[in-house]
Amino acid sequence: MNKVIPAPPSASSPQSAHPSCRAKPVARCFWMGAPALVVVLALAACSNSPPAPEWQMNAKGSAERATQAWLVGDARIEAAEFARVRSALSSTGQPALLARAELLRCATRVASLVFEPCAGFDALAADAAPAEQAYARYLMGTATPADAPLLPEAHRALVSAGTSSPDAALNAIQDPLSQLVAAGVLLRSGRASDAVAERAVGTSSARGWRRPLLAWLSVQHQRAQAAGAADEAARLQRRIDLVQGKTSAAR
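Taking my numbering, the leading residue of the sequence shown gets 1172, the next gets one more, and so forth.
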């Protein structure tokens, strides 16, 4: 899991009494790098800590289910689960928490090459911390080297001044979803090489994430067609058909 973005602890943020969790208030545990949103995961793992509030556990479970549903292509379940995330977080009256959840949702879109405004975050941006604002710019493909220190550690190299190889920076990211988000950012900013596309296809395929897999296979297919590589384009179309359930047996 990626390193937690440092965030100023709120005076009302609950902390565990367990030594390993004392330095991890809710605001920090809620954002676990990009874009794995896990509500107070560290607190929940501390055996000596009191039970986590119900809103934390509800938001955590729904955020995980919403993310998975989107990646496998189930928009209906994703929408229902994210509505539960919003409901749970709204009960805290902390717009910064909901802003982070909205960023997670937008990150899953970027991972699947759905490039659209992050409207949910934009509505809350005035109450978001500089780190969240920087990550929003990153998702839009407009982050600058000045934003790098504010980003999750795995993503800093993609916007740092002097970074020579986006491909190498992408390959260094271990978390699959974070890797796909980074690949999407590279494509959105016009820096995605064929190697980036191949890595994104491999990661999506290995996880069984249908939505980003189809998106990246389509990128490869379009590039093969543009290069006049008819055999390669045909091979990629067969893979796309397979993912879509359009195999010869189904016909």
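The beta carbon of each residue, even a glycine, is placed where N, CA and C say it ideally should be.
1) Take residue 1353 as the anchor and find which of 1309, 1225, 1285 has the nearest alpha-carbon.
2) Closest to residue 1234 by CA distance: which of 1243, 1254, 1246 is it?
3) Entirely within the segment 1231-1264 and at least 4 residues each: give me those alpha helix (DSSP H) ranges in chain order.
4) Determine whether the beta carbon atoms of residue 1243 and residue 1387 lie at a separation below 9 Å.
5) Counting Cβ pairs, one atom from each stretch, are 3 or more of them under 8 Å apart for the segment 1254-1265 and the segment 1219-1232?
6) Taking the straight line between their C-alpha atoms, what separation do you get for residue 1277 and residue 1412?
7) Can you give the Cα-Cα distance for residue 1251 and residue 1291, rounded to whole angstroms?
8) Considering only C-alpha positions, which residue in the set 1391, 1320, 1325, 1269 is nearest to residue 1368?
9) Going by alpha carbons, who is nearest to residue 1414 out of 1398, 1382, 1404?
10) Rounding to the nearest angstrom, what Cα-Cα distance links residue 1397 and residue 1302 in this structure?
11) Which residue's Cα is closest to the Cα of residue 1238: 1265, 1279, 1400?
The short version:
1) 1309
2) 1254
3) 1246-1261
4) no
5) yes
6) 27 Å
7) 15 Å
8) 1391
9) 1382
10) 39 Å
11) 1279
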